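A quick write-up on the structure given underneath.
4 protein chains.
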Amino acid sequence: MQFKTRLSKLVNEDVIIRNEKLSSLISAGKFSDSIFLLLSGRKPNPMESILFEKMLISVIDHGMGTTSSMTARFIASGGNSLNVGVGGGILSIGDHHGGAIEKAMLQFYGWGQLGKEKAATLIKEMIAGKKTIYGFGHKVYKDEDPRVLVLLKEMKKLNFKSKHLFLKEEVEKAFQESKGKKLPINIDGFLALLLCDFGFDPLLGKGVFIIGRTPGLVAQTFEELKYEKPVRRVEEEEIEFVKE
Amino acid sequence: MQFKTRLSKLVNEDVIIRNEKLSSLISAGKFSDSIFLLLSGRKPNPMESILFEKMLISVIDHGMGTTSSMTARFIASGGNSLNVGVGGGILSIGDHHGGAIEKAMLQFYGWGQLGKEKAATLIKEMIAGKKTIYGFGHKVYKDEDPRVLVLLKEMKKLNFKSKHLFLKEEVEKAFQESKGKKLPINIDGFLALLLCDFGFDPLLGKGVFIIGRTPGLVAQTFEELKYEKPVRRVEEEEIEFVKE
Amino acid sequence: MQFKTRLSKLVNEDVIIRNEKLSSLISAGKFSDSIFLLLSGRKPNPMESILFEKMLISVIDHGMGTTSSMTARFIASGGNSLNVGVGGGILSIGDHHGGAIEKAMLQFYGWGQLGKEKAATLIKEMIAGKKTIYGFGHKVYKDEDPRVLVLLKEMKKLNFKSKHLFLKEEVEKAFQESKGKKLPINIDGFLALLLCDFGFDPLLGKGVFIIGRTPGLVAQTFEELKYEKPVRRVEEEEIEFVKE
Amino acid sequence: MQFKTRLSKLVNEDVIIRNEKLSSLISAGKFSDSIFLLLSGRKPNPMESILFEKMLISVIDHGMGTTSSMTARFIASGGNSLNVGVGGGILSIGDHHGGAIEKAMLQFYGWGQLGKEKAATLIKEMIAGKKTIYGFGHKVYKDEDPRVLVLLKEMKKLNFKSKHLFLKEEVEKAFQESKGKKLPINIDGFLALLLCDFGFDPLLGKGVFIIGRTPGLVAQTFEELKYEKPVRRVEEEEIEFVKE
């Protein structure tokens with residue numbers, strides 16, 4: 001078996017991560033900067049640093065009822081330690097739960113390469129043709145996703161020039177014109193858009209979501225272990241038997 | 001099935017996490033502070049805030065060869081998406097890999113309640129009686145764990161008064177006197193000591209390690225998916241067959 | 001890293017499993033016999049062969065609502081493939097869900113070594129002292145666990161001499177005398193008792209349960225993927241927020 | 001949340017699985033028949049019953065070095081219980097490890113619907129056009145997969161009329177003619193072919209592999225826990241650092 005890596009290396013008295021000493025990263029002291037470096041291979045610039053940290057916070061937890069939180073709790077309740085609950089919760093973060101970020105990144109990168117005009121035309125055609133547009137719409141937040149609003153505000157405050165923000169506007173405008181109602185970008189879509197601005201690999205889209213959500217899953221699993229009785233299950237009376 | 005939580009709540013246009021609005025946490029903008037809040041139920045004070053962030057960085061990655069990195073890579077190589085590799089890697093963070101933090105916290109909390117003198121006596125007796133002491137010694141770092149050194153330096157710079165630091169000194173002193181050699185505290189032990197200073201529940205010890213390491217596991221899994229051929233396995237020639 | 005095994009070996013044109021050719025096992029054709037061999041290192045005798053197979057069937061599925069079935073379904077619903085749901089479901093089979101078999105085996109082996117009289121005395125003392133007795137009692141089956149009844153019937157039909165069955169009788173008798181009501185052995189306890197008769201390692205107790213239940217988890221995950229909409233979650237209205 | 005199932009139901013004194021009483025399944029006593037019933041919704045006929053059981057045995061274990069075995073061992077070595085190792089091992093059974101069965105089933109069902117002549121033509125075109133053919137070829141078994149040979153022999157002995165076997169012959173013939181060498185069907189392909197004969201849903205292809213392999217993973221994890229030292233890892237000296 002071969003073992004090759006470009007990520008990190010144990011040397012005499014330190015760990016080298018992406019050409020930086022771990023001890024220097026600890027001294028420098030920003031967790032989200034170290035994450036950015038580890039994932040992308042370069043340090044963030046000051047604006048990216050501020051935005052990336054806020055992006056991680058924006059998905060830190062979304063209530064007890066989410067798919068990943070419930071998975072973690074079921075597993076913990078079977079009589080397992082914290083790592084098993086948290087690891088299990090992350091398993092559930094699949095194509096339909098956090099997975100839209102990757103698809104939206106591929107979409108934004110693709111549109112971005114077309115240039116403004118061609119992208120706008122394509123978006124209109126896609127909406128007219130009822131093609132899937134990733135990263136827009138939310139079950140609860142019909143008007144605006146509050147987490148997106150805060151991030152947008154910060155971008156303005158920083159005067160951050162996004163290369164992909166116009167795509168959000170084109171989609172929302174085209175949808176309003178075609179359907180007469182709002183289709184606001186959701187948090188998955190907005191994270192995707194900024195990660196494209198940073199030049200991240202689309203495959204890392206889900207990774208950023210996982211890193212941001214892990215603290216929430218630790219807290220959910222911890223609460224289950226500390227306060228709940230073992231063996232969470234659904235009672236037979238709640239289950240409908242379907243005859244075939 | 002009952003669903004009760006004290007962690008977070010979805011309200012009209014926001015998420016409330018431990019009595020704070022998620023939008024305010026994003027504006028405030030420190031990921032590690034939000035993690036501290038979510039886990040412990042309170043905001044860190046300024047010194048805790050600085051130290052906790054550095055603690056998370058100190059375990060962010062420890063090379064490709066660790067148990068959790070290799071687990072993540074084997075799983076990914078079987079043909080699975082990023083979340084499955086990362087979730088699987090976290091599964092491996094069990095009693096022998098990151099799990100010492102919880103045990104060391106229980107030990108430090110226990111010793112701490114005895115007061116300085118009684119604790120010192122007990123520690124000497126334990127070393128004489130060859131009882132297990134958690135959080136000390138390292139396979140590679142025989143003299144000092146470099147990650148501990150940086151954290152110690154930061155504590156001094158901040159003039160942080162640790163309630164549990166004397167326990168580290170007592171163990172190292174007693175071991176030196178009894179065995180004539182060094183038994184330095186390792187990173188697990190040092191994280192445990194600081195988490196005790198912060199008043200964290202011991203059950204969360206492994207959780208802090210998991211949160212700190214997840215970025216490393218995302219990077220390791222991503223690298224496997226992007227650069228390696230499928231189906232990592234150990235060749236039959238490398239395996240020794242044991243006759244019974 | 002060292003790789004040593006006593007289980008199996010790839011040779012030129014076959015796999016050798018516990019000194020048997022895989023091709024011979026396929027020809028011989030009994031799946032449960034191959035499982036018995038792989039786990040214990042020996043082939044079952046004819047009575048063990050019959051009973052072991054029935055034991056596996058007895059835990060094949062226990063409804064949609066179990067902890068492991070629900071875990072598998074939540075994970076699948078997040079947008080994951082079959083293996084992730086099934087693997088995740090098995091994670092949940094912890095100390096409180098299937099885990100009693102191991103503890104009951106340790107208990108039966110321990111009692112068994114005492115001989116009949118001393119075991120009976122100890123059991124009475126344990127019940128009087130309210131000590132935990134593993135493998136007895138069931139939330140639903142207050143009188144008899146129907147799966148145990150069938151296995152018992154088969155044992156009688158076969159005239160199988162169990163070395164540990166008297167322990168079940170001692171516990172039930174002692175409980176009846178002391179408390180005036182029934183505490184019937186449950187399926188976990190009964191599997192443990194028979195696995196002790198077969199001489200299995202207690203660590204394998206949970207393993208037999210996992211092997212028996214995996215088909216159920218495959219069916220539950222398959223049904224979720226085939227018939228249910230993505231992203232199973234608990235609605236916010238069902239969750240009670242606890243103020244601290 | 002809605003809970004609907006067509007699989008199983010807890011009633012007063014029994015479990016009903018696919019319209020059969022669990023107690024009757026235990027009495028009938030064939031584990032693999034119960035698996036067939038649970039997965040497909042019907043009992044196997046006598047020939048299917050014999051073949052399906054042999055198919056499960058054929059994948060029971062394939063050495064210590066497989067992706068799933070190594071995953072299970074890494075996880076267990078981190079200090080985790082049996083269920084976590086086994087569950088983790090199953091996670092690794094992804095698109096490149098056991099996953100070919102599903103794809104081969106889709107392929108065989110597709111070809112099967114074309115009728116013999118059209119299928120033969122399509123297969124020839126696919127081989128000429130270097131299209132991916134699923135379920136053929138093996139890294140080690142260049143001539144014949146020994147597990148396939150035993151299954152083939154049993155089919156002949158039973159005089160089982162396979163509706164899809166001609167497709168294996170067409171592929172092997174076309175490949176021999178076009179490339180002048182053998183491309184034998186592998187065990188994944190052969191299981192797929194028989195599962196098509198039985199009318200199984202392709203999504204269950206990986207499920208049958210998982211059920212067959214779980215005993216092997218239990219044995220591998222058990223061996224790791226019982227005989228190996230904690231914290232399996234790859235030493236830094238074995239890892240090559242790639243400069244970018």
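Chains as they are written, first to last, in the working numbering: chain A, 1 to 244; chain B, 1 to 244; chain C, 1 to 244; chain D, 1 to 244. Beta carbons are placed, not taken as given, at the ideal position from N, Cα and C, and that holds for glycine. Computed from a predicted model, the values in this text were never measured in an experiment.
Comparing alpha-carbon positions, which option in the options lies nearest residue i?
{"i": "C:His138", "options": "D:Ile75, D:Gly110, D:Ser34 and D:Glu13", "result": "D:Glu13"}
{"i": "A:Thr221", "options": "A:Leu7, A:Lys43, A:Ser81 and A:Glu53", "result": "A:Ser81"}
{"i": "D:Lys179", "options": "D:Phe31, D:Gln113, D:Ile127 and D:Leu114", "result": "D:Ile127"}
{"i": "D:Leu56", "options": "C:Ala100, C:Ile26, C:Thr132 and C:Met155", "result": "C:Ile26"}
{"i": "B:Glu172", "options": "B:Asn159, B:Lys142 and B:Pro44", "result": "B:Lys142"}
{"i": "C:His96", "options": "A:Val148, A:Glu228 and A:Gly189", "result": "A:Glu228"}
{"i": "D:Ile50", "options": "C:Thr132, C:Phe31, C:Ala119 and C:Gly87", "result": "C:Phe31"}
{"i": "C:Tyr125", "options": "C:Glu238, C:Ser40, C:Phe175 and C:Met155", "result": "The question names Tyr, but residue 125 of chain C is Glu in the sequence shown. Ranking the options by Cα distance to C:Glu125, first place goes to C:Phe175."}
{"i": "A:Leu203", "options": "B:Glu169, B:Gly85 and B:Leu38", "result": "B:Gly85"}
{"i": "D:Val140", "options": "C:Met1, C:Val11 and C:Phe3", "result": "C:Val11"}
{"i": "B:Gly98", "options": "B:Leu191, B:Glu170, B:Glu169 and B:Lys161", "result": "B:Leu191"}
{"i": "A:Ile35", "options": "B:Ser58, B:Ile17 and B:Met47", "result": "B:Ser58"}
{"i": "D:Arg147", "options": "D:Leu114, D:Met1, D:Arg18 and D:Ile60", "result": "D:Ile60"}
{"i": "D:Met1", "options": "C:Arg73, C:Phe241 and C:Leu22", "result": "C:Arg73"}
{"i": "D:Asp188", "options": "D:Asp33, D:Gly94, D:Leu38 and D:Ala104", "result": "D:Ala104"}
{"i": "B:Ile210", "options": "B:Ser68, B:Arg18, B:Met47 and B:Ile17", "result": "B:Ser68"}
From the DSSP output, in three-state form, read off residue i for me.
{"i": "A:Phe200", "result": "coil"}
{"i": "B:Ile239", "result": "coil"}
{"i": "B:Lys4", "result": "strand"}
{"i": "D:Ile93", "result": "coil"}
{"i": "A:Phe160", "result": "coil"}
{"i": "D:Leu10", "result": "strand"}
{"i": "D:Lys182", "result": "coil"}
{"i": "D:Val59", "result": "coil"}
{"i": "A:Ile50", "result": "helix"}
{"i": "D:Gly15", "result": "Per the sequence presented here, residue 15 of chain D reads as Val, with Gly not at that position. In the structure shown, D:Val15 sits in a strand (DSSP, three-state: E or B)."}
{"i": "B:Lys229", "result": "coil"}
{"i": "A:Lys142", "result": "coil"}
{"i": "B:Lys124", "result": "helix"}
{"i": "D:Glu244", "result": "coil"}
Got a sec: is the Cβ-Cβ distance from residue i to anything in chain B below 8 Å?
{"i": "D:Arg232", "result": "yes"}
{"i": "A:Leu114", "result": "no"}
{"i": "A:Glu13", "result": "yes"}
Distance cutoff 8 Å, beta carbons only. Does residue i sit that close to anything in chain D?
{"i": "A:Arg6", "result": "yes"}
{"i": "C:Gly87", "result": "yes"}
{"i": "C:His96", "result": "no"}
{"i": "A:Phe136", "result": "no"}
Against chain C, with Cβ distances strictly below 8 Å, would residue i count as a contact?
{"i": "B:Ile239", "result": "yes"}
{"i": "B:Leu39", "result": "no"}
{"i": "A:Ile75", "result": "yes"}
Just checking: is the beta-carbon of residue i within a distance shorter than 8 Å of some beta-carbon in chain A?
{"i": "B:Thr67", "result": "no"}
{"i": "B:Asn83", "result": "yes"}
{"i": "B:Glu204", "result": "According to the sequence as given, residue 204 of chain B is Leu; it is not Glu. Yes, B:Leu204 counts as interfacial toward chain A."}
{"i": "C:Ile35", "result": "no"}
Let's test the definition: count the other Cβ atoms within 10 Å of the Cβ of residue i and tell me whether it reaches 16, buried, or not, exposed.
{"i": "A:Glu223", "result": "buried"}
{"i": "A:Leu158", "result": "exposed"}
{"i": "B:Ser24", "result": "exposed"}
{"i": "D:Glu53", "result": "buried"}
{"i": "A:Val242", "result": "exposed"}
{"i": "C:Gly78", "result": "buried"}
{"i": "D:Asn186", "result": "buried"}
Residue i CB to nearest chain G CB: under 8 Å?
{"i": "A:Phe200", "result": "The structure shown has no chain G; the protein chains it does contain are A, B, C and D."}
Given 8 Å, three or more beta-carbon pairs between the stretch 190-204 of chain B and the stretch 108-118 of chain B: The stretch 190-204 of chain B vs the stretch 108-118 of chain B: in contact.
Inter-stretch contact at 8 Å, needing at least 3 Cβ pairs: the stretch 85-94 of chain A / the stretch 88-95 of chain B: Inter-segment contact for the stretch 85-94 of chain A and the stretch 88-95 of chain B is present: three or more beta-carbon pairs are separated by less than 8 Å.
Inter-stretch contact at 8 Å, needing at least 3 Cβ pairs: the stretch 41-49 of chain A / the stretch 58-67 of chain B: In short, these stretches do not touch, since the Cβ pair count stays below three.
Segment contact flag, the stretch 117-124 of chain B with the stretch 162-171 of chain B, C-beta cutoff 8 Å, min 3 pairs: Judged by pairs of C-beta atoms under 8 Å, the stretch 117-124 of chain B touches the stretch 162-171 of chain B, as three or more such pairs exist.
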